Structure formats: structure tokens, C-alpha cells
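Heads up, the thing below is written out as C-alpha cells.
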Amino acid sequence: MAHRIIAQLDQLRAGRKIDPRSEWITESRRLLLVQMKNTLPVKANPPQTAPLEQAWNWLANFMSVNMAERVVRPLAVLVIVLLVATQLVNNVDAAYEALPGDWLYPAKRAAEQTQVAVVAMMGDQNGETKLHIKFAGRRAEETKKILQRDVTTQNTAQAVATVADLKVEIATVNQKLNDAGTSGLGADVAKDVKQNSEQIKDVLQDVKNNLSVSTSTANSALSQAVSETKNLVKDVSVKAVEVLVSKQLAGDASVSKEEVAKVVATTLQSAASDANMSKQNVDGVKTIIDAVKTEVKDLTTDFKKQGNENLNVVTTSKQFSDQINVVANQTVAAVLQTEAVSAQVQKSVIEGQALLSTGDLTKAVDKIKEANQASQTAEKISDQSLQTIQSVLPIVQVIKDNNPVVSPSTSTVSGAVFVKPVSIIMTTGTFVFTTTTGGATTFKTSTSTIAPIIINKR
Amino acid sequence: MSGAKFNEKKILYQLRTNPNPEDFAVLYDTYVKQIYHFVYFKVASSEEAEDITSEVFLKAWHYVQAKKEINSFRGLLYRMARNAIIDLYRARAGKAEVMLGEEIEMADPENWQAAIELKSDTEGVLAALKKLKQEYQEVVTLRYIEQLDIHEIAEIIGKGNVAVRVTLHRALKKLEQLLPKQT
Numbered sequence: 002m003a004h005r006i007i008a009q010l011d012q013l014r015a016g017r018k019i020d021p022r023s024e025w026i027t028e029s030r031r032l033l034l035v036q037m038k039n040t041l042p043v044k045a046n047p048p049q050t051a052p053l054e055q056a057w058n059w060l061a062n063f064m065s066v067n068m069a070e071r072v073v074r075p076l077a078v079l080v081i082v083l084l085v086a087t088q089l090v091n092n093v094d095a096a097y098e099a100l101p102g103d104w105l106y107p108a109k110r111a112a113e114q115t116q117v118a119v120v121a122m123m124g125d126q127n128g129e130t131k132l133h134i135k136f137a138g139r140r141a142e143e144t145k146k147i148l149q150r151d152v153t154t155q156n157t158a159q160a161v162a163t164v165a166d167l168k169v170e171i172a173t174v175n176q177k178l179n180d181a182g183t184s185g186l187g188a189d190v191a192k193d194v195k196q197n198s199e200q201i202k203d204v205l206q207d208v209k210n211n212l213s214v215s216t217s218t219a220n221s222a223l224s225q226a227v228s229e230t231k232n233l234v235k236d237v238s239v240k241a242v243e244v245l246v247s248k249q250l251a252g253d254a255s256v257s258k259e260e261v262a263k264v265v266a267t268t269l270q271s272a273a274s275d276a277n278m279s280k281q282n283v284d285g286v287k288t289i290i291d292a293v294k295t296e297v298k299d300l301t302t303d304f305k306k307q308g309n310e311n312l313n314v315v316t317t318s319k320q321f322s323d324q325i326n327v328v329a330n331q332t333v334a335a336v337l338q339t340e341a342v343s344a345q346v347q348k349s350v351i352e353g354q355a356l357l358s359t360g361d362l363t364k365a366v367d368k369i370k371e372a373n374q375a376s377q378t379a380e381k382i383s384d385q386s387l388q389t390i391q392s393v394l395p396i397v398q399v400i401k402d403n404n405p406v407v408s409p410s411t412s413t414v415s416g417a418v419f420v421k422p423v424s425i426i427m428t429t430g431t432f433v434f435t436t437t438t439g440g441a442t443t444f445k446t447s448t449s450t451i452a453p454i455i456i457n458k459r
Numbered sequence: 015m016s017g018a019k020f021n022e023k024k025i026l027y028q029l030r031t032n033p034n035p036e037d038f039a040v041l042y043d044t045y046v047k048q049i050y051h052f053v054y055f056k057v058a059s060s061e062e063a064e065d066i067t068s069e070v071f072l073k074a075w076h077y078v079q080a081k082k083e084i085n086s087f088r089g090l091l092y093r094m095a096r097n098a099i100i101d102l103y104r105a106r107a108g109k110a111e112v113m114l115g116e117e118i119e120m121a122d123p124e125n126w127q128a129a130i131e132l133k134s135d136t137e138g139v140l141a142a143l144k145k146l147k148q149e150y151q152e153v154v155t156l157r158y159i160e161q162l163d164i165h166e167i168a169e170i171i172g173k174g175n176v177a178v179r180v181t182l183h184r185a186l187k188k189l190e191q192l193l194p195k196q197t
């Protein structure tokens, strides 16, 4: 009987006697489309979803919630982390190249944490310290690469977070070096830290140079964070030399006295170079300020000669001229300060070298510390000078924009010079002040080996 | 996963990321008849079945737009249809029409069978099906008209697989009683 009923139900289905009317299907479809369109919001720019999230949404769409959230996702993360951590697969290189915001970046960081956890579990202080300095290097490179992308709030925020992570890694390394006496940290690790910290320092200097181009407040804060971190790196570098010396004196055979002496000499020279660079930067700032000061003065005079009736323009340029004078005075003070600090560094370096020649490594390290501290002071003055000039130069453009009389196409000196001098690039070479008429005023810095400044129109 | 299922999932993903009524219309074309059938057996007229079916699809559109989790779109439509019918019954509570979860009173089974016998086999089974109580109607319709798997039916009506099998067995027994015996 049941078979008969099932057969009848089958007939009922096949017979289409229970199907809806085709006209209704069409009309209902049309009506539904209208109703659906009415519910759609006005299109705005959709929020950007991270590529990882997009990929995950796509995959999760094809699985049940339980399967996706409780099984597949944790499993996928675990697999990636293990692959990256154990370096079993060649194509995981992509993960090492990942930057904050990339979909593989969380896997990269998780893999790093796994590596540290495994080494720490085994009680390997040497391995752990090496990993921390290695990861600090990665953070520095990441910061540099992030800032080479487009300038966006998101990129700046990622750079800030990466610098914060770098700071943590450096602080950990510093702690490991402080505990070197009791933890049995090897001289080879100190050498590794020294080498890596020098590289990190250079990368952070590049980052600072890139940031000096920007005038945004966010980048100014980032620049400050980078400077602080760079100082920490310098401290770690000096600390590594100290550990190296103490290990050598304690009879660690993995490092020779000559090798240590060479490292001490290099570090002394490095502190001298850093201080010298800071001094040159401040000198460069003074050169710019002097040039701008002259041009602003000429502009004010030109306005008056042209019989410009716009008193506001004249007044504004006069006010700016006064402001430039203040900055110029500050810069003169900064130049004097850096000269004094630089001399102090040179003195410490010469004394350190003398101690080195007598074989007194411990006291030579003390001189490195002195030189390092003074060098950091010089860099701080240099940073402040650069910030000051950054705050003044954009005002030039404001004056120009508010000046309807002097056309940028005219060949008058005042019209030509007042372009958009908003970018300052620290580089080696010459200081060029570009004009809207295509000409350029070139200033040679006192020596060609140090960092001059280029101001370009936007 | 079959090609059709994959395509359905793809459409749902597109609807979540970039809602387009034309994409949703593809899903409407796929399921409109199935949902209509399901509703048809539980309501008094084809007009009511049409109204409820339209309502179900509009609700499903809102559900998708709200980006809520969807394991099975077909299952979602059936559940929505079921709820819409329950709402309809509740609205009619007190009136002398079909009562939710209650078997039709058959004061005179002899006359019943006589009435069904007058119709053809398919019309007879359709009439008998309409006389079944809600629970039996659902499982028979879903299993033999829409040809869903037991686990799919279980998901729609919120019961276990075994309970569905038992209900189905009892429903067929009941249907058997309602249909005239073949000589």
C-alpha cells in the first residue's frame, strides 16, 4: 500500500497539478525585484576589507559555521604557522616578505612567536637573543617598506605599531645583554647583536630621512618614535660591545682581543660619524633658513615697490619675515650647541682611541658610552631644527597663494622663488632651492661628504 | 558539492559583498516552485500559497542583506515558509479553519472516502494529503514531492533524522487510511 501511495505522490509531483501559475511566477518575480531595489541603500564607498578577511569570507561561505570557525580556521593557521616556523616548505618565503596589512603577516608573526617559545622552552638564551635581534631587524625593514607605500593614515598607523614592536624586541635584547653575566650569553651572540644593531640603526636612519619629507603631525609623532627607538638600538649596540669586552676578558675563546679592539674602534668611529652628521644637518637647516630669510625680505620689498594695495599680503609677508628671524636665531643657537656636542664627541673618541692603543678595552668602552650619549644629544638637536624648519616652510606657500599680484609665471625674483618648498630630503650632494620658473638656486654645503638638504617644489 | 550548490554559494557570497536583486532573482527562479508546493498543501487556496511564497522570498532577501549566517539557502526558505504558515494559522486562531498541529475532524469517514474515490488517483492523494495534520503533511511533501533527503528535512523541521523517519512512516500510514482501499 505504501508503495502505491508513494507512486501516487510521484505522479502528483510529475503531473505538475500543484505547480504555481506561470503568470504569477513572472509577476511575483517582477514585484520582488522592485521591492528589493527599494531596500538597497544609496551606494557609498564600501569599507576596505583586508585581503585575508575577504579570502576567509569566501571560503567560510562554502562551509558550515562550526566547520569553518572551530575546525578549518584554527587548522589553517596552525598549518601556516608550523610551515613558516619550521621552514619546511620553500614557498613560505612569501610569508617572510609579508608586511603589516598583508594576509600572510599574522602567520609570519605567529611563526616568530612559535620560534621564540620553542627556543625559550629549551632554555637556550643564546638562541633566544639571536632571534629577538633578528626579528627587530625585520620590524625595522618592515617600517621602511610600509613608508615606501602610499601615504595613508592606515600605513602610518601600521608603521607606528611596527616601530612599537621593534622597540619591544630591542628592549628584550637589551635585557638579555644586561643578564649576560649570569645567563651565560656567548661572545658570538654579542657579536651578532652588534652587527645586527648597526644594520637596524642604518635602516632607521633611512626611515627618518623619509619621514623628514612629510609635514603631517602623525608622521612627526612617528619620526619621534623612530628617533627614540634608534637611540635604544645605539644603546644596545654599545651594550653588545661591553659584553664582548667582558667576555673576552673573562677568557671566552670564541673572540680574540684583536677582534674586540677592532669592534671598539669601529664603534668609536661610528659615534663620531653620527655626531658629525647631526652637526651637518643643523648647518644645512641654517643654510636654508638664511636663504629663505633673504628671499622673504626681498618679497616684502617687492610688494611695496609694485605698489601692491593688498596690505594683508604685505602684512602677512612681514609677519612671516619676523617668524623666519625667530627660527633663524633658534637655528644659530642649535648650530652652536651641535658644535659644542660634536667637539665633546670628538674628544671622547680621541681618548677612546688612545686607551685602545694601550690595550685598555674596559676604559675604551666607557669612552664609547660617553661618545654615544653626546651623539644622541646632537641628533636630538638636529631633529628639533628639522622640525622647526618644517613648521615654517609651508607658510611660504600660503603667502604665495594669497598673493594675486605676483604670478608664478612672471620672471620677477619674488614670484619665482616662492614656490612650494614643502619637501626636505636629507641626502648627499648639494642643496638646491628650485623655482617655479625652472631655475634653481644651488648652495654648496661646506663639505661634500656630509648631508646637505634639497628643497623641491611639490 | 554539486555545481548548482557551488553556484548558489557563489551567488550568496556576491549578495553579501555587493547586493544585487538580479542575482537574488536567480535563486528565486530556482526555488519558487518548491516553496510554493510546500505552502500549497498547508493553506486553503492557491492565492494564499502565492502570497506566502512571495513573502518568503522578500524575507529571505532581507535575511541575506543582514549578512546573517546561511548554511543552506533552501533550508532557510523552507523554515521561513513554515514560520509564515504558522503565523497565518495563528492569525486565524478561533476561526473554523485548519488548526495548527491538529488532525482534521472526520465526523463521517465513510463519506470522506467516498468523496476521494470520485477523483482520479492523483487528485485523491492530493485531497488526502490536504487532510493530514501539519506535521505529517510537511514530511510527506518534503520527502516525496520535493524529494529532499532525510537530514535536510530534519534540519528544516528541527528534528533528528530518526524522528523524521518515524513521522514519515506514521504519515504514510495515515495517508493510507484516508485513501480508499484498492480492490
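Chains as they are written, first to last, in the working numbering: chain A, 2 to 459; chain B, 15 to 197. For each residue, glycine too, the CB sits at the ideal point set by N, CA and C. Please read all numbers here as calculations on a predicted model, not as lab measurements.
For I171/B and L156/B, what's the separation of their Cα atoms in angstroms?
Looking at the two C-alpha atoms, the distance is approximately 10 Å.
For this session: Step through the CB atoms of chain A and report whether any lies within less than 7 Å of the CB of E64/B.
Result: The C-beta of E64/B comes closer than 7 Å to at least one C-beta of chain A.
task: State buried or exposed for L32/A, treating a residue as buried only when at least 16 other CB atoms are found within 10 Å of its CB.
output: Classified as exposed, L32/A has fewer than 16 neighbouring CB atoms from the shown chains inside 10 Å of its CB.
- prompt: What residues in the region 72-84 of chain B have a beta carbon less than 8 Å from any beta carbon of chain A?
  reply: Residues of the region 72-84 of chain B that bring their beta carbon within less than 8 Å of a beta carbon in chain A comprise L72, W75, H76, Q79, E83, in sequence order.
Integer Cβ distance of L189/B from I19/A, believed to fall under 8 Å: 16 Å between Cβ atoms; not a contact.
Sort A77/A, L41/A, R22/A, I81/A by Cα distance to D65/B and report the nearest one. Nearest C-alpha to D65/B among A77/A, L41/A, R22/A, I81/A: R22/A.
- In the structure shown, what three-state DSSP assignment does D291/A receive? Correct three-state label for D291/A: helix.
**Asked** Is it buried or exposed for M122/A, if we count other Cβ within 10 angstroms and need 16 for buried?
**Response** Around the beta-carbon of M122/A, fewer than 16 other beta-carbon atoms lie within 10 Å, marking it exposed.
- prompt: How would you list, in chain order, the residues of chain A whose beta-carbon sits under 8 Å from the beta-carbon of I159/B?
  reply: Within chain A, the residues near I159/B are L10, L13, R14, I19.
**Request:** Under the assumption that S343/A contacts A379/A (Cβ atoms under 8 Å), give the Cβ distance between them as a whole number of angstroms.
**Result:** The pair is a contact, with the Cβ atoms about 6 Å apart (cut-off 8 Å).
| Is the Cβ of S68/B closer than 7 Å to any Cβ of chain A? | It does: the Cβ of S68/B has a partner Cβ on chain A nearer than 7 Å.
Between the CA atoms of A77/A and T67/B - distance to the nearest angstrom | Straight-line Cα distance between these residues: approximately 41 Å.
For S29/A, would you say it is in contact with chain B, using Cβ-to-Cβ distances shorter than 7 Å as the test? In terms of beta-carbon proximity, S29/A lines the interface with chain B, with at least one pair separated by less than 7 Å.
According to DSSP, simplified to helix, strand and coil, what is T302/A?
In the structure shown, T302/A sits in a helix (DSSP, three-state: H, G or I).
Check your understanding: Should T288/A be labelled buried (16 or more other beta-carbon atoms within 10 Å of its own) or exposed?
Key -> So T288/A counts as buried.
| So is Q159/A buried or exposed if we call it buried at 16+ other beta carbons inside 10 Å? | With 16 or more other Cβ atoms inside 10 Å of its own Cβ, Q159/A counts as buried.
Handout entry: Touching by the beta-carbon criterion (3+ pairs, under 8 Å), the region 355-368 of chain A and the region 325-341 of chain A
Key = When Cβ pairs closer than 8 Å are counted between the two stretches, the region 355-368 of chain A is seen not to touch the region 325-341 of chain A, the count staying below three.
I believe L245/A touches K195/A by the beta-carbon criterion, under 8 Å. Please report the beta-carbon distance rounded to the nearest angstrom. The distance from the Cβ of L245/A to that of K195/A is about 7 Å, consistent with a contact at the 8 Å cut-off.
- Query: Between M278/A and chain B, is there a C-beta pair that is closer than 7 Å?
  - Reply: Answer no: the Cβ-Cβ gap between M278/A and chain B never drops below 7 Å.
Q | For A272/A and I382/A, believed in contact at Cβ under 8 Å, the rounded distance | A | Not a contact, Cβ separation roughly 16 Å.
### Message
Give me the chain A residues within the contact set of L193/B, using Cβ-Cβ distance strictly less than 9 Å, ordered along the chain.
### Response
For L193/B, the C-beta contacts it makes with chain A under 9 Å involve M2, R5, I6, Q9, in order along the chain.
Return the chain-ordered list of same chain residues with a C-beta closer than 7 Å to the C-beta of L91/B, the five sequence neighbours on each side being excluded. Within the same chain, L91/B has close Cβ partners Y45, I49, V70, A74.
Check your understanding: Taking just the CA atoms, how far does Y54/B sit from E36/B?
Key -> The alpha-carbon separation between E36/B and Y54/B amounts to approximately 26 Å.
Once the 5 residues before and after I134/A are set aside, which same chain residues still bring their CB inside 6 Å of it?
Excluding residues within five positions, the ones whose Cβ falls inside 6 Å are V174, V194, N197.
Does the beta-carbon of D180/A have 16 or more other beta-carbons within 10 angstroms, so that it is buried, or is it exposed?
-> Note on D180/A: under 16 other CB atoms within 10 angstroms of its CB, so exposed under the neighbour-count rule.
- Who are the near neighbours of R139/A in its chain, counting only those whose CB is closer than 6 Å to its CB and skipping five residues on each side? Apart from the 5 residues on each side of it in sequence, R139/A has no Cβ closer than 6 Å to any other Cβ in its chain.
Limits of the unbroken alpha helix (DSSP H) element including K73/B
Run containing K73/B: 60-79, per the alpha helix (DSSP H) assignment.
* State the start and end residues of the unbroken alpha helix (DSSP H) segment that holds E83/B. => Unbroken run through E83/B: none, as it is neither H nor E.
Point to revise | Own chain partners of F136/A with C-beta closer than 6 Å, once the 5 adjacent residues on each side are dropped | key: Here the set comprises E113, E170.
Q) Is it true that the CB of V264/A sits closer than 7 Å to the CB of V242/A? A) Result yes, Cβ atoms of V242/A and V264/A sit closer than 7 Å.
- Task: Could you list the residues in the region 101-132 of chain A with a C-beta less than 8 Å from some C-beta on chain B, going in chain order?
- Result: If you check each beta-carbon in the region 101-132 of chain A against every beta-carbon of chain B, none falls closer than 8 Å.
Indicate whether at least one CB of chain A lies closer than 7 Å to the CB of L189/B.
Yes, L189/B counts as interfacial toward chain A.
Given a limit of 7 Å on CB to CB distance, which residues of the region 29-40 of chain B reach chain A? P33, P35, F38, A39: these are the residues of the region 29-40 of chain B whose beta carbon lies less than 7 Å from some beta carbon of chain A, given in chain order.
Exercise for review: Spell out whether any CB of chain B is found under 7 Å from the CB atom of P405/A.
Suggested key: Interpretation of P405/A is limited by its pLDDT of 39, a score under 50 that renders its predicted location unreliable; the figure taken from the coordinates is listed afterwards. Taking a beta-carbon distance threshold of 7 Å, P405/A does not count as an interface residue toward chain B.
Alpha helix (DSSP H) containing T183/A: first to last residue? That run of the alpha helix (DSSP H) goes 181-184.
Is the CB of L186/B under 7 Å away from at least one CB in chain A? Residue-level contact by beta carbon holds for L186/B and chain A, with a gap shorter than 7 Å.
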